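If you read the sequences in order, they're chains H, P, L and V.
With the working numbering, you'll find the first sequence wraps up at 594, consecutive numbering, no jumps.
With the working numbering, you'll find the second sequence wraps up at 594, consecutive numbering, no jumps.
With the working numbering, you'll find the third sequence wraps up at 594, consecutive numbering, no jumps.
With the working numbering, you'll find the fourth sequence wraps up at 594, consecutive numbering, no jumps.
Just so it is clear, CB atoms sit at the ideal spot from N, CA and C, and this is done for glycine as well.
Source: prediction; values computed, not measured.
Reading through the structure tokens given below for one structure.
Number of protein chains: 4
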Amino acid sequence: MSESFFKDTAKIPFEGADSNNPLAFRHYDATQMVLGKSMAEHLRFAVCYWHSFNSPGADIFGAGTYDRPWLTEKSLLQARTKMSGAFEFMEKLGVPYFCFHDRDVAPEGDTLKESNENLDQMIGMMEEEMARTGIKLLWGTADLFNHPRFAAGAATNPDPQVFAYAAAQVKHVLEITHRLGGANYVLWGGREGYDSLLHTDLKRETAQLGRFMQLVVEHKHKIGFTGTILIEPKPHEPTKHQYDYDVAAVYAFLQKFDLQDEIKLNVEANHATLAGHSFQHEIATATANGLLGSIDINRGDPQNGWDTDQFANSVEEATLILLEILKAGGLGNGGFNFDAKIRRQSIARDDLFHAHIGSMDVAAQGLLNAARIIEDGHLQELLDARYAGWQGDLGEQMLAGDLSLQQISDLVHSQNLNPEPVSGRQEMLENLLNRYIY
Amino acid sequence: MSESFFKDTAKIPFEGADSNNPLAFRHYDATQMVLGKSMAEHLRFAVCYWHSFNSPGADIFGAGTYDRPWLTEKSLLQARTKMSGAFEFMEKLGVPYFCFHDRDVAPEGDTLKESNENLDQMIGMMEEEMARTGIKLLWGTADLFNHPRFAAGAATNPDPQVFAYAAAQVKHVLEITHRLGGANYVLWGGREGYDSLLHTDLKRETAQLGRFMQLVVEHKHKIGFTGTILIEPKPHEPTKHQYDYDVAAVYAFLQKFDLQDEIKLNVEANHATLAGHSFQHEIATATANGLLGSIDINRGDPQNGWDTDQFANSVEEATLILLEILKAGGLGNGGFNFDAKIRRQSIARDDLFHAHIGSMDVAAQGLLNAARIIEDGHLQELLDARYAGWQGDLGEQMLAGDLSLQQISDLVHSQNLNPEPVSGRQEMLENLLNRYIY
Amino acid sequence: MSESFFKDTAKIPFEGADSNNPLAFRHYDATQMVLGKSMAEHLRFAVCYWHSFNSPGADIFGAGTYDRPWLTEKSLLQARTKMSGAFEFMEKLGVPYFCFHDRDVAPEGDTLKESNENLDQMIGMMEEEMARTGIKLLWGTADLFNHPRFAAGAATNPDPQVFAYAAAQVKHVLEITHRLGGANYVLWGGREGYDSLLHTDLKRETAQLGRFMQLVVEHKHKIGFTGTILIEPKPHEPTKHQYDYDVAAVYAFLQKFDLQDEIKLNVEANHATLAGHSFQHEIATATANGLLGSIDINRGDPQNGWDTDQFANSVEEATLILLEILKAGGLGNGGFNFDAKIRRQSIARDDLFHAHIGSMDVAAQGLLNAARIIEDGHLQELLDARYAGWQGDLGEQMLAGDLSLQQISDLVHSQNLNPEPVSGRQEMLENLLNRYIY
Amino acid sequence: MSESFFKDTAKIPFEGADSNNPLAFRHYDATQMVLGKSMAEHLRFAVCYWHSFNSPGADIFGAGTYDRPWLTEKSLLQARTKMSGAFEFMEKLGVPYFCFHDRDVAPEGDTLKESNENLDQMIGMMEEEMARTGIKLLWGTADLFNHPRFAAGAATNPDPQVFAYAAAQVKHVLEITHRLGGANYVLWGGREGYDSLLHTDLKRETAQLGRFMQLVVEHKHKIGFTGTILIEPKPHEPTKHQYDYDVAAVYAFLQKFDLQDEIKLNVEANHATLAGHSFQHEIATATANGLLGSIDINRGDPQNGWDTDQFANSVEEATLILLEILKAGGLGNGGFNFDAKIRRQSIARDDLFHAHIGSMDVAAQGLLNAARIIEDGHLQELLDARYAGWQGDLGEQMLAGDLSLQQISDLVHSQNLNPEPVSGRQEMLENLLNRYIY
């Protein structure tokens, strides 16, 4: 920590919408009150360790490009240099949270024991940095996808020893997350899926996955961890198909294994669109079923079919998702984690700041727009009017189960019901929405 | 019925693989025994009324092209002509089943009462034709999507009167299906979804849909219908998003509304691929969860993002799905319904025969291949070997819940487990599969 | 014209950004000067006849829903009622242009002669309406896709008589367009493609298409039409594959048939995204090759794989495309044609106004943003700096062809060139862009 | 070469369709005569160096899994070990050709000079191995995408020094390819595209690319290389958009820069499908325009939007593309290069054999099927009949340009032409095709 890695960038100030300073916030004012809470409390931003500090800037066709001197060798010394840089960055950016995988912060050893020892050493430093800066842990997670042992899955591996290994690894990271006061623990099933159904017993593998999750939930209660266990849906990549495909697939799974009251979802923008859904759809589906836990904020490219993990830059999308979140009462334990990577060409040291600043401003604008929509109430009034019929006797009785199919049919015939369509007013509502966004 | 519509085509014979007669089966021999059942019993083919007899051959950019004289006016007279043609076709093709919507077989009246009366008249003729030909009903269904009243959904409509109207309509068709001895009743939620979340209360609408399905199930039991209630997943089109998106989404929904033991799925090839899944995946997911009810057999175009509903022509795909079906014990009440339409240019009267013959032969080849794969047992042996570890103590105890996360972790450390990856053998298995297909 | 169809809506005023009137423009002020031209001159909005007045609101699963009384029968009387409604709408909306297909404005007769006579009658009325209102024709086009004769293509039909018929039809509409003072003539190859390569001679069909286009160009010059001939790329739908897939495919085709100086492109947003490109990409590709003619403004749904033809509502996208257009010197003869349809549920008579107003405001905001980007010059400076090296000797000589591969190689070795990457600054630029948009 | 790397696998024999030996060919018999040429001469198989010997089996989420001991360090010693293994593999597999990038066979040095020296040393060994085994070079190519200097493109880089560096690199590899008697030289523009239009001058960059290609063509003639220069289209990945998107985009480009007689295309299956086309479409488009040079044989996953580069296993697709190739007179200089990688889980040493054997057998079956289709002539007869009208006077005169639009129109009116549609017979043809495939 002798030398500052981001020494050329000062703490990012809030300067307001008229500022021309690209290294200042124009909309994100952490302390500004919105609907009774500060922006910081609403958005609970977290920097992710992996993309921001662990990635070399490689892609499948090319070598790393980033200026990350600590990646030249895997050692505890370099892990310390990296952690210094990471906390310096987060402190200068002014985010309240971060997220990490075990293998992001400490090198894997030759045995799990050695890996755990490496990790424990780095967690010591992490506690000091957290205490020094006041930055907290949004969630921890175990890397169950990078090492060749997980090539055929972790919990869903055909080899039960891999299941056991993964379980032991999760146990350790869950306990560390607890020790660090983490708000959540995330299970990302990066390899829990299949490359080919030809060599896959789908029923057996999902049963394994169900048992794995139950084990984690049981242990959480045993150790008294009060954070939320989260699953992050993703449809595919690297596998052909992931079992936690989208919100609906995870919801089906949680119910099957009686976990729907124990586990919530970490919903990611780019995973939503890879699954063929809008981000708003996935969040609305999660909130409608009481499953929204947290957000991985980023964006995909509408023309590219892989996880581009770009920094979110659409105020329109931010407005729509924050509207869903505010209507559902906010994120609770969750937050906005930047599961996003700067482009491979973004090799200037301050590009990491530009990326986060832009995305935080976009989320702040989305929050402000969504709050205005709620305060104005006009959109909600139109929505209420659309469904007003269901407040009447017929609607209430039918929905409550007071009328049988026979009775409803009798009623249709006796009253000669012949309902006329009314306008859905979609274009008018799109125009109304645009008033808040642009 | 005075004149035969398909008079230029005789009953389609089975002539064997060496036949050059394009109007003969080369592989589908209804009576051939495969794994202890006849091909006809395995495949239970059904012709669908809508594409084959009700469609004019129009598309969104063009007028109808088909030679369907009964479509020139909507009348009971024309409905009778159509039904004669339909049963003539099915009889000549030699299929044991058919499927229909209420509005396919009788014109809609000015009121539901009038519509029901029209329908009842045509059902009388249908019973006669069924008796005459021995052709049975695979499933009936109500058209809850074509009329403007359903533009904003049937069960999920913002207007409860539309819900009631749809309920009354389903009641009637469910009772007709019962009367006709139908093996199943299908709910296709053609408009149960949304065009925009801006004017949609997703939580309320899905609650409406849940109640609707419960009503249908309750009525089924009340009237003593022993067939299966089926839901047909589809991701979108005509709506932006359908609530019954894919097998997983329907499974989540069924569990939420406690319907998982009452309703099964009618899985369609083209709907699977529109949802971003392989057809095999959707069937495997359904069978893994005990949800497979029936099949809508067709295919989409891998480059086109709408429901092209082409006739299935891939023996490779047929083999894979029949393998899943045979492994799950067959289709039970279900069947293979040709939810497929001939191309808009296919305007010769016998094109409808060519299309069905080709697809039936493809399914027959798939059945034969799948049966050989099962009889040989080699693929299953390789699969069993892959998961053999789970038959050992560690695997069984972990899956049974006999070991806690702590115990598993202790075991990993005490035994210093460090599992090595083994080859997934995907390419070898793909080669093995090809031996059966080509 | 005795009664006003849109009688409940008055002429749409411009009221400014603070207006709460949903039937007023908030950003589109026709007379506002932007970079030396009025907004009206920049954007040259056109209403399209087909979606707005000819569509019943049907989709592939459902009957028409719109309130379009003139569609109940195909007659010249109804065509007149429709035209009155159309011009009333356009006048109240305040657009300077419209577009039409021959079959939109007059019913098809039993022979081409009769069709032409019907059309000629309606063109008479059209001239009167144009004179009365001052509304002009952006482009005319012939409907070569709706009638069954075109099921296998028009110019690319296997039957040369269909080619001839289409040629005769285009001749008449081209002459009408000329007579009406149309600014352009559009060729949309709605069926110029294939459903299956099995029955298609791709090489022959594209040769037919090339000859067809040459015929049109030759006739244009013969009759002295000075408007631009435009081709509208579309990748597929209704066919599996259209020959005019995207801008690049059309450019290849135009060069092959030596038409690149005679024909330009009418680029549509939704066709771009169906082809796997961003709208901006297609426009940038067209302008880079001197091929941009006009714009069909609409939007698709990023999750739906068919031509949803929704009204554009993204200021972000409007900004990006107007930036490309302004940098290329504007649209010239072209304009923004609303090839967009209101949703099937949008059945209130004024929904058509809401839809157009919203989209016109969005384009106006895009224009204002793009103009500010150009006036500020900052984005262009950054771009110029990025390529500055090409202004040096090495860059200029290499690009001019003054150095051979051998000479360049010698130079690399003698100077021991080893160029270092510099940051692409993508996130910083995205933030900069957002300053103008939000 | 002291020790054999693939020592557990013997030379792969041809054993015929009834063989159960997974390490034998069942259909590919190199010497079998088909339409007057041996299978080997038709298919001209090539093993690719990069996927088969240079890839560690990593993906974007995980470390390498393959057993490739020579990848542990970058040295000439390891490069020699690798080359021994590569030629051992190719010899045992029995392929006549291979392909390579410069950086596949020799480590990059600190300067281009050093890189070239490394390469030259390995080319010496390559010549020996080629002489020893008789295996020839299908094509060579330069890696212009892996090193960070190419992050913003090679020929299209904003820095002209990178253009120069790439030119020097290509010069050397082109000369090596010439020296080795390579049949072709491939330009793959792995980074010739953009990540964002915000920082891209598309017009300038494509001009740079055009000049680059002209330089290569000029040098080819200068040194007397008689092989073909090939461009390999790809739509995106790693970039958002590649300039050589698909066959049509490359054709447009070649014409613009007057290269259409100098450069042909290397068409890849997975790149075709990523671009939204069928593989057959891309090949048919290339042959229709005289542009087909060679084939990169592999397959994508229809549900995954990235370049999965799997080994081809569909006889159906192989039949269709070989039909196009045979109809166009064969591949000439080109061949079938296996640009395919075994799955990350395929870590057994013989998996590489299984993958190639399966794909070679599939191509052989496709060749046999396509030859039978051609010999039977039935499909061609049906196609000829479909277009027969164009052999008549009207068709010939219109296509030859002997009739103007006016004359054609007059003829339509005077003869009162009103062509009737005929059936396109798609389903019948699909059935016919299946007779040959299954």
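Taking CB atoms only, residue 590 of chain L has a neighbour in chain H less than 8 Å away. In the three-state reduction of the DSSP assignment, residue 569 of chain L falls in the helix class, which pools H, G and I. Taken in chain order, the complete alpha helix (DSSP H) segments of 4 or more residues contained in the segment 223-299 of chain P are 232-249, 258-261 and 268-289. DSSP, read as helix, strand or coil, puts residue 489 of chain H in coil. In this structure, L:166 is the residue among L:166, L:594 and L:553 with its C-alpha nearest to the C-alpha of residue 248 of chain L. In the DSSP assignment, residue 329 of chain P falls within the alpha helix (DSSP H) that extends over 316-335. Taking the Cβ atoms as the reference, residue 490 of chain L lies roughly 21 Å from residue 529 of chain L, outside the contact range of under 8 Å. The DSSP assignment places complete alpha helix (DSSP H) segments of no fewer than 4 residues inside the segment 511-591 of chain H at 534-542, 549-556 and 561-570, in order along the chain. Looking at the DSSP output, residue 305 of chain L bridges to nothing. The beta carbon of residue 375 of chain H lies closer than 7 Å to those of 327 and 330 in the same chain, with the five residues before and after it left out.
Secondary-structure assignment with DSSP links residue 397 of chain H through a beta bridge to H:350. Here residue 572 of chain P is exposed, its C-beta having fewer than 16 other C-beta atoms within 10 Å. Shown here, residue 499 of chain V sits in coil according to DSSP, grouped into three states, outside any helix or strand.
In this structure, DSSP gives residue 384 of chain P an extended state, which the three-state scheme calls strand. Cβ contact annotation for residue 293 of chain V (same chain, cutoff 6 Å, sequence separation greater than five): 336 and 338, in chain order. Among the bridge pairs identified by DSSP, residue 411 of chain L is matched with none. Only buried fits residue 309 of chain H, as 16 or more other CB atoms lie within 10 angstroms of its CB. In the DSSP secondary-structure assignment, residue 340 of chain V is bridged to V:295 and V:384. Per DSSP, residue 448 of chain P is one residue of the beta strand (DSSP E) stretching across 448-452.
For residue 230 of chain P, no Cβ of chain L is located within less than 8 Å of the residue's own Cβ. The beta-carbon distance between residue 387 of chain L and residue 472 of chain L, rounded to whole angstroms, is 28 Å. This is too long to meet the 8 Å contact definition.
Between residue 200 of chain L and residue 492 of chain L, the beta carbon gap of about 6 Å places them in contact (Cβ cut-off 8 Å).
Contact check between the segment 269-285 of chain L and the segment 366-382 of chain L: fewer than three CB pairs, one atom from each, fall below 8 Å, which does not count as touching. Contact of residue 537 of chain H with chain L is not assigned, every C-beta pair being separated by 8 Å or more. Contact of residue 434 of chain P with chain V is assigned, a C-beta pair being separated by under 8 Å. In the three-state scheme derived from DSSP, where H, G and I count as helix and E and B as strand, residue 379 of chain P is classed as helix.
Collapsing the DSSP output to three states places residue 507 of chain H in a helix. Residue contact check for residue 586 of chain L against chain H: a CB pair falls below 8 Å. The contact set of residue 514 of chain L on chain H, defined by CB atoms closer than 7 Å, consists of 583, 586, 587 and 590 in chain order. Contact between residue 459 of chain L and residue 434 of chain H holds: their C-beta atoms lie close to 6 Å from each other, under 8 Å.
Between the alpha carbons of residue 349 of chain V and residue 341 of chain V lies a distance of about 21 Å. By DSSP's assignment, residue 422 of chain H forms a beta bridge with H:450. Comparing alpha carbon positions, the residue from L:324, L:333 and L:465 closest to residue 257 of chain L is L:333. The way I'd put it, the segment 538-558 of chain V doesn't touch the segment 228-238 of chain L; fewer than three beta-carbon pairs between them come closer than 8 Å.
Where residue 440 of chain V is concerned, the enclosing alpha helix (DSSP H) starts and stops at 435-444.
Collapsing the DSSP output to three states places residue 367 of chain P in a helix.
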